[in-house]
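Okay, structure first, notes after.
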Ligand code: ADE
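Residue numbers (the working numbering): 1445 to 1691.
Pasting the structure below:
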């Protein structure tokens, strides 16, 4: 999968993603990260890409033309028009389901704003999706882009060594992950739950499922509405005081 990022800070993105799992995926060619500095497309000799907003107000705005020229240069090499994601606190909030959907694309372009934003006309012209990573305001779109690329990359086949872990982790099926333990069996006086040492696979599965349900109920009860719950799950949740909405 190929990620293209239009940004004023390409080094920030490349250095952020070139470690650990995303770094290895880049080395293996499972993902590519092409960070394009749209300052290179400035149409003036000073390489300025920002200007004052019409109508006045604080801050500067990124001009439409350099963003458009950088975009045009990128897409002319592509067979299909890719999705163009503008990262902004005004967008839809990024979720696991969005990461799953984007992981199916061959190419995705992210557009990062800085200063007070980008001229609306180029956004109308090229952007297909506006996405936020949460209800807080950052200084620019680079960190959100790194967050999204990380979440999408781990869903690209082969990026995680074992596909099972991507499948079963938090948010798979809208349930949080159960607690996990490794050696030693006792640490600071706390013992690993007996069932995990029992070797009884069916009991372990049952315990893990119940822990997931309990955790989700305690920490993110909103997720239970979307989870695929069996009769057994509902019975267990009911024993913890959960009342399912009649849908
Ligand atoms: N740019 C600034 N803040 C942001 C946020 N929360 N999500 C996405 N892009 C942003």
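C-beta atoms are modelled at their ideal positions from N, C-alpha and C, and glycine is treated no differently.
Beta-carbon contacts of residue i that lie in its chain and below 6 Å, excluding the five residues immediately before and after
i	result
residue 1612	A caution first: residue 1612 carries a pLDDT of 48, below 50, which makes its placement in the model unreliable, though a value can still be read off. Excluding sequence neighbours, residue 1612 sits near nothing in its chain.
residue 1672	1617
residue 1591	1577
residue 1570	1515 and 1528
residue 1537	1576
residue 1572	1527 and 1528
Cα-Cα separation between residue i and residue j, rounded to whole angstroms
i	j	result
residue 1568	residue 1689	40 Å
residue 1450	residue 1601	25 Å
residue 1692	residue 1561	Because the chain spans 1445 through 1691 in this model, residue 1692 falls outside it and cannot be assessed.
residue 1635	residue 1644	18 Å
residue 1549	residue 1662	35 Å
residue 1484	residue 1680	59 Å
residue 1540	residue 1489	43 Å
residue 1454	residue 1482	9 Å
residue 1605	residue 1471	14 Å
residue 1646	residue 1473	39 Å
residue 1456	residue 1586	7 Å
residue 1547	residue 1469	14 Å
residue 1664	residue 1684	14 Å
residue 1686	residue 1579	28 Å
residue 1501	residue 1682	55 Å
residue 1524	residue 1668	38 Å
Check whether residue i and residue j have beta carbons under 8 Å apart
i	j	result
residue 1589	residue 1531	yes
residue 1553	residue 1533	no
residue 1513	residue 1529	no
residue 1458	residue 1543	no
residue 1461	residue 1596	no
residue 1452	residue 1480	no
residue 1660	residue 1619	yes
residue 1507	residue 1535	no
residue 1465	residue 1566	no
residue 1657	residue 1677	yes
Close-in-space but distant-in-sequence residues of the same chain around residue i (CB under 7 Å, 5 per side omitted)
i	result
residue 1623	1655
residue 1551	1446, 1448, 1522 and 1526
residue 1492	1486
residue 1509	1487
residue 1629	1635, 1636 and 1641
Cβ neighbours of residue i in the same chain (closer than 8 Å, five flanking residues each side left out)
i	result
residue 1505	1494, 1495, 1496, 1497, 1559, 1560, 1561, 1562 and 1563
residue 1640	1625, 1648 and 1651
residue 1467	1461
Practice task
Could you tell me which uninterrupted beta strand (DSSP E) segments, each at least 3 residues in length, are contained entirely in the region 1533-1575, listed from first to last along the chain?
Solution key: 1551-1556
Handout entry: Whole alpha helix (DSSP H) elements within the region 1591-1674, 4-residue minimum
Key = 1607-1612, 1638-1641 and 1645-1663
Problem - Complete beta strand (DSSP E) runs within the region 1446-1485 (minimum length 3 residues, chain order) - result: 1446-1451 and 1476-1481
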